[in-house]
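Asker: If you count by the numbering used here, then the sequence shown holds residues 518 to 1519, one letter each, in order.
For every residue, glycine included, the Cβ atom is placed at its ideal position computed from N, Cα and C.
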Amino acid sequence: MVCTSVSCVWIIFCLHLCFYVNTGIAQNTREVILLDSKAQQTELEWISSPPSGWEEISGLDENYTPIRTYQVCQVMEPNQNNWLRTNWIEKGDAQRIFVELKFTLRDCNSLPGVVGSCKETFNLYYQETDVEVGRNIRESQYVKIDTIAADESFTQGDLGERKMKLNTEVRIIGPLSRRGFYLAFQDVGACIALVSVKVYYKKCWSIIENLATFPDTVTGSEFSSLVEVEGTCVNDAEEEADNSPKMHCSAEGEWLVPIGKCICKAGFHQKGDACEPCGRGFYKSSSQDLQCSRCPAHSYNDREGSWRCDCEDGYYRALSDPPSVSCTRPPSAPQNLLYNINHTTVSLEWTPPADTGGRNDVTYRIICRRCTWEPEECFPCGSNVGYSPQQSGLTDTYVTITDLLAHANYTFEVEAVNGVSDLSRTQRLFAAVSIATSQAAPSQVSEVIKERVQQHSVQLSWQEPDQPNGVITEYEIKYYEKDQKDRIYSTVKSKSTSATVNNLKPSTAYVFQIRAFTAAGYGIFGPRLEVTTKEESTGSATVISSEQNPVIIIAVVAVAGTIILVFMVFGFIIGRRYALAAPIDSPLLHCGYSKADQEGDEELYFQCTKTYIDPETYEDPNRAVHQFAKELDASCIKIERVIGAGEFGEVCSGRLKLPGKRDVSVAIKTLKVGYTEKQRRDFLCEASIMGQFDHPNVVHLEGVVTRGKPVMIVIEYMENGSLDAFLRKHDGQFTVIQLVGMLRGIAAGMRYLSDMGYVHRDLAARNILVNSNLVCKVSDFGLSRVIDDDPEAVYTTTGGKIPVRWTAMEAIQYRKFTSASDVWSYGIVMWEVMSYGERPYWDMSNQDVIKAIEEGYRLPAPMDCPPGLHQLMLDCWQKDRADRPKFDQIVGILDKMIRNPNTLKTPMGTCLRPISPLLDQNTPDFTSFRLVSEWLEAIKMERYMDNFTAAGYSSLESVARMTIEDVMSLGISLVGHQKKIMSSIQTMRAQMLHLHGTGVQV
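Put into structure tokens, the structure is as follows:
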């Protein structure tokens, strides 16, 4: 279209001037462009309504390339409503769309004669559709994105001075769920030129990291979301054990937090981003090895990509040998075999073989054969022959062979073996000797019987040996106390097969062994027999001793009591001295006597507590970190997956394995790359705080990593996450006692922190973590990290941000944070727990919450909340902080409720002042409604009108008497809708009671 109007001419002139000043912005390589009007030189043909509004014109960019733009300047006429709609844009895989607008705008003050309707803004809209919807523009179908205002507007003087600049604004749409969308621009009376419109989304482009390929990935729908992507190992690579490769695509199209990796398979090594096969003569036996190695001695391979090398002929590799070991062969025969014979016992000795085969695991084995005299035939010796120390697996070069037959012919072979001897197919090599035995000693006395056992004697009997090998002339009995083993023993001789051993101790275990004697000498001792002598009978001495026992006991108790008293006094003196002498940079120790209430009885006990030290008091923050937190070696920490994103960086789960200890699950907070020194100091400040705490209901700090990158804070892993989300996930699944148990744990943790002098300032269910055993622990010790992405959650004052819904009035108004203000916050946590994570004060604004609390209103009891617990909440919300209970009182009250659940039904609070429960100030006055349908429409639950009508609820008075069971009987199954209806019914009931002047509080 050719431009003819005066307004059109000045806008085009502005465009030329703008392009001379602005040279443009380089395209972001992470962007996928869906629409770029500047890149299209032909007519755009967008829809304009009315046709006389927006006008398509031609212009030139900085390179004098023609571009198509739209302009409108109907400032002389009031009540403008000019719409411009783009063509249909298909979004592809995108969920989050960026819209970049470049435009110029005329200052209304520089336009002579314009009416008061001149504007300096325009509106941006969008409409989602699955298909193109035609050329008609229906304003009601569009969703407003934003009102766009110019940073720089032009005047008539600017045209002469040529100082105009192009305005650039970027807006975000999402998440989108349909195939495509339209953009629309609404002019309500501005003089504007739309120079270019660029629509794009961001993605992380495919990369290879740690030998894993990560495909193109579209960013998530939320600004803080991280899309976890599984990597695929490159060719000839495999995943590292239990450590699959993952990366996370950020909202800005950047790859973050690589976890796990791939490694080259056996036979392949890494070169750049690929795995290449090992060359001939090289191998790699395991994927855990980094590089290929040359084949060891006496082995080879003639192919690429080998994981092992084959042995040369005559050489072998044992099954237990790794591929890195050289191939070896069996050893040669032992040398210099010598023997010594004593009746039927033979001793053999030899020297090692000359060739061990290249191995150091040489052992020896003995082969025994008994041969006939003539003709000579040999047979295995059998199991009756004994070998000392053993027959095979000998590491020493000697052996003693016993229990041979007398006057027999034997052949002994001694063979040296190693780990590959059984693999060899060559002939065995051994040393051999033939020996003839002479007269033999008798064999063992195998069966011994205890005939009679007395206090000081034992009578034994036995059978003659199976092989006496001659005439037995006597037997020798060897005996000793069992505890002494055979280091000190005695002997008794007997001519027969029985004997009595005297002079023994009563109640003592003895061991007996017997051997026989012939002309050839003694045989070997037989098996051990254990016998315990009888106890000594009790006498008058025992009676005298028992009579004296009470005196001894009394004396011992008196001495022990004196010692304990001395130690208590000494400990008290030392404790006081330590508290007074504690250094300024360490937690102070305070000791003294305290009273504990045990079911109404007061007990005095001695107690020492540490005092919290603010890390901000240190000139060097690093000193505070290393004073209170343990420095960990980064190699002991294994990150497994990302579980969230914090203000300073990612939050991951993983494992911590310290030397000499078993590995434990941990949560790891990381400091993002490119941090400032202030960010590092603020990040580690929380560790300096947590390191001072040690309590089962306070999250435990494992340590920090400050000497490596990334900087990390490592804490214990709480499997069930934050308490508010956990309760919402398990709505209605716990008993009241279980919920009270959770509250008791939180109160115990806060009592500990309060005793140390620490004020939390941000106590809320979102900052309580829950482990797998439902133990609740206080966490998040930095108020500066309060939910910046939730503007309704904080109320900003001159001193910083405050979480209004959880904060006491004096802390909001005067920034007086004390343990008493933490008690107020604890009351809100109680309400969150009993309502299963419902938002305190619902959808009221912060200002409405502050106003209502100042007027004396308080939150009503959640559904099914016992009166005793609600009264304790009200006590925590007393206006005067001195009237609020202390945390130790709260713990005591909750303990009594757990021990006696009946107390939940009656108030057990510490205060008697009545407090009005909060009625939602934004809730309509239900008493002004006449029909049930009007009430349902007011709470946006009109979908259930037929349910109420069918059940006969025709008046608000009947509705006000409904219980949760009545609501559920109507077929309303959604828990959220049940809660909303019951909350409204409770409010309605309270309004009706107030209207009738009953004075009853709901």
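#1: Quick check: the Cα distance between Q808 and D878, rounded to an integer number of angstroms?
#2: Does the beta-carbon distance from V1183 to L1173 come in below 8 Å?
#3: I'd like to check one pair, G1163 with K1147: are the Cβ atoms closer than 8 Å?
#4: Looking at the secondary structure, which residues open and close the beta strand (DSSP E) in which R969 lies?
#5: Mind checking which residues open and close the beta strand (DSSP E) that includes R1198?
#6: CA-CA distance, F615 and V660?
#7: Three or more C-beta pairs under 8 Å: does that hold for the region 933 to 950 against the region 971 to 985?
#8: Do T1049 and the ligand PLP come close, with the Cβ less than 7 Å from some heavy atom?
#9: Have a look at L743, E562, A783, K778 and flag the residue whose alpha-carbon is nearest the alpha-carbon of C766.
#10: Would I858 pass as a contact of V931 if the rule is Cβ separation under 8 Å?
#11: Out of A1328, Q1255, V1350, S1271, which has the shortest C-alpha to C-alpha gap to R1416?
#12: Start and end of the beta strand (DSSP E) containing G697?
#13: Can you tell me whether DSSP reads W1323 as helix, strand or coil?
#14: Measuring CA to CA, which of R1460, T1050, V962, G1166 is closest to Y1039?
#15: Which term fits F896, buried or exposed, when burial requires 16 or more other beta carbons within 10 angstroms of its beta carbon?
#16: Taking S804 and A835 to be in contact with their CB atoms under 8 Å, please state how far apart those CB atoms are, rounded to whole angstroms.
#17: Please name the residue in L1491, T1480, E548, R1197 whose C-alpha comes closest to that of R1506.
#18: Going by beta carbon distance, what residues of the same chain come within less than 8 Å of P1418, once the five residues before and after it are set aside?
#19: Rounded C-beta distance between L693 and E771? I'm assuming under 8 Å.
#20: First and last residue of the alpha helix (DSSP H) that includes D1279?
#21: Please list, in chain order, all residues of the same chain as K1155 whose beta carbon is under 6 Å from its beta carbon, the five residues on each side excluded.
#22: According to DSSP, which residues form a beta bridge with I1154?
#23: What did DSSP end up calling F1145 once you bin it into helix, strand or coil?
#24: Rounded to the nearest angstrom, what separates G1274 and Y1129 at their Cα positions?
#25: Kindly give me the distance between the Cβ atoms of E756 and C779, rounded to whole angstroms, as I take these residues to be in contact under 8 Å.
#26: Which ranges does the alpha helix (DSSP H) cover as unbroken runs of at least 4 residues, wholly within the region 1229 to 1273, from first to last along the chain?
#27: If you compare alpha carbons, which of V1168, G1177, L1201 is closest to C1153?
#28: With H, G and I counted as helix, E and B as strand and the rest as coil, what does DSSP make of I1502?
#29: Alpha carbons only, please: which of K995, S1011, S823, K1012 is nearest the one belonging to R1004?
#30: Check each candidate in A710, F698, S627 and name the one with the smallest Cα separation from A666.
#31: Which one or two residues does DSSP pair with M764 in a beta bridge?
#32: Go ahead and pull the three-state DSSP assignment for G1043.
#33: Identify the continuous alpha helix (DSSP H) that holds A1467 and give its terminal residues.
#34: Please return the same chain residues whose Cβ sits closer than 7 Å to the Cβ of M1509, not counting the five positions on each side in sequence.
#35: Strictly by DSSP, which residues pair up with V1216?
#36: Could you tell me if K1002 is buried or exposed, where buried requires 16 or more neighbouring beta carbons within 10 angstroms of its beta carbon?
Answerer: Working from what's here:
#1: Counting from 1 along the sequence shown, the entry for residue 808 is found at position 291. Counting from 1 along the sequence shown, the entry for residue 878 is found at position 361. Answer to the nearest angstrom: the Cα atoms are 29 Å apart.
#2: The sequence position of residue 1183 within the sequence shown is 666, counting from 1. The sequence position of residue 1173 within the sequence shown is 656, counting from 1. Yes; because the gap between Cβ atoms is below 8 Å, this pair is in contact.
#3: The sequence position of residue 1147 within the sequence shown is 630, counting from 1. The sequence position of residue 1163 within the sequence shown is 646, counting from 1. No, Cβ-Cβ distance for K1147 and G1163 is not below 8 Å.
#4: As a working note, residue 969 is residue 452 in the sequence shown. Residues 965 to 970.
#5: Indexing the sequence shown from 1 puts residue 1198 at position 681. Unbroken run through R1198 is the alpha helix (DSSP H), 1194 to 1207; no beta strand (DSSP E).
#6: Here the question's residue 615 lines up with position 98 in the sequence shown. Here the question's residue 660 lines up with position 143 in the sequence shown. When rounded, the distance between both Cα atoms is 15 Å.
#7: no
#8: Annotation note on the ligand PLP: not contained in the displayed structure, which lists no ligands.
#9: Translated into positions along the sequence shown, residue 766 becomes position 249. Of L743, E562, A783, K778, the residue nearest in Cα terms is L743.
#10: Taking the first residue of the sequence shown as position 1, residue 858 is located at position 341. Taking the first residue of the sequence shown as position 1, residue 931 is located at position 414. No; because the gap between Cβ atoms is not below 8 Å, this pair is not in contact.
#11: Taking the sequence shown and counting its residues from 1, one reaches residue 1416 at position 899. The candidate whose alpha carbon is nearest that of R1416 is Q1255.
#12: Here residue 697 corresponds to residue number 180 of the sequence shown, with the count starting at 1. Per DSSP, G697 belongs to the beta strand (DSSP E) from 697 to 704.
#13: The residue you call residue 1323 lines up with position 806 of the sequence shown. Correct three-state label for W1323: helix.
#14: Here residue 1039 is taken as the residue at index 522 of the sequence shown, counted from 1. When each option's Cα is compared against that of Y1039, the closest is V962.
#15: Position 379 of the sequence shown, counted from the start, is the residue given in the question as residue 896. Counting Cβ neighbours within 10 Å, F896 comes out exposed, since fewer than 16 surround it.
#16: For the purposes of this step, residue 804 is taken as residue 287 along the sequence shown, with counting starting at 1. For the purposes of this step, residue 835 is taken as residue 318 along the sequence shown, with counting starting at 1. Actually they do not touch by this definition, with Cβ atoms about 23 Å apart.
#17: Here residue 1506 is taken as the residue at index 989 of the sequence shown, counted from 1. If we check each option's Cα against that of R1506, T1480 comes out closest.
#18: For the purposes of this step, residue 1418 is identified with residue 901 of the sequence shown, where counting begins at 1. Taken in chain order, the residues that qualify are V1253, I1254.
#19: Working through the sequence shown from its first residue, we reach residue 693 at position 176. Working through the sequence shown from its first residue, we reach residue 771 at position 254. With 8 Å as the limit, L693 and E771 do not qualify as a contact, their Cβ atoms being about 22 Å apart.
#20: Mapped onto the sequence shown, residue 1279 falls at position 762. Note, D1279: premise wrong, no alpha helix (DSSP H); not H, not E.
#21: Stepping through the sequence shown from its first residue, residue 1155 is reached at position 638. These residues qualify, in order along the chain: G1171, R1172.
#22: Counted from its first residue, the sequence shown places residue 1154 at position 637. DSSP, once it has assigned bridges, lists L1173 as partnering I1154.
#23: Counting from one through the sequence shown, the residue named residue 1145 turns up at place 628. Three-state result, F1145: helix.
#24: Against the sequence shown, residue 1274 aligns to sequence position 757. Against the sequence shown, residue 1129 aligns to sequence position 612. Taking the straight line from one Cα to the other gives about 6 Å.
#25: Sequence index remark: in the sequence shown, residue 756 carries index 239 (1-based). Sequence index remark: in the sequence shown, residue 779 carries index 262 (1-based). E756 to C779, Cβ: 6 Å. Contact.
#26: 1240 to 1246, 1253 to 1272
#27: Within the sequence shown, the letter at position 636 stands for residue 1153. C1153 has its Cα closest to that of G1177, out of V1168, G1177, L1201.
#28: On the sequence shown, position 985 is the one that residue 1502 refers to. If DSSP states are grouped into helix, strand and coil, I1502 belongs with the helices.
#29: Translated into positions along the sequence shown, residue 1004 becomes position 487. It is K995 whose Cα lies nearest to the Cα of R1004.
#30: Taking the first residue of the sequence shown as position 1, residue 666 is located at position 149. When each option's Cα is compared against that of A666, the closest is A710.
#31: Numbered from 1 along the sequence shown, position 247 holds the residue referred to as residue 764. In the DSSP output, where bridge partners are listed per residue, M764 has V746.
#32: Residue mapping note: residue 1043 aligns to position 526 of the sequence shown, counting from 1. In the structure shown, G1043 sits in coil (DSSP, three-state: anything other than H, G, I, E or B).
#33: The residue labelled residue 1467 in the question sits at position 950 within the sequence shown. Segment 1462 to 1467, the alpha helix (DSSP H) holding A1467.
#34: Taking the sequence shown and counting its residues from 1, one reaches residue 1509 at position 992. Excluding residues within five positions, the ones whose Cβ falls inside 7 Å are T1444, A1477.
#35: Working through the sequence shown from its first residue, we reach residue 1216 at position 699. Its beta-bridge partners do not exist; DSSP assigns none.
#36: Reading the sequence shown from its first residue, position 485 is the one you call residue 1002. Classification of K1002: exposed, given that the 10 Å Cβ count is below 16.
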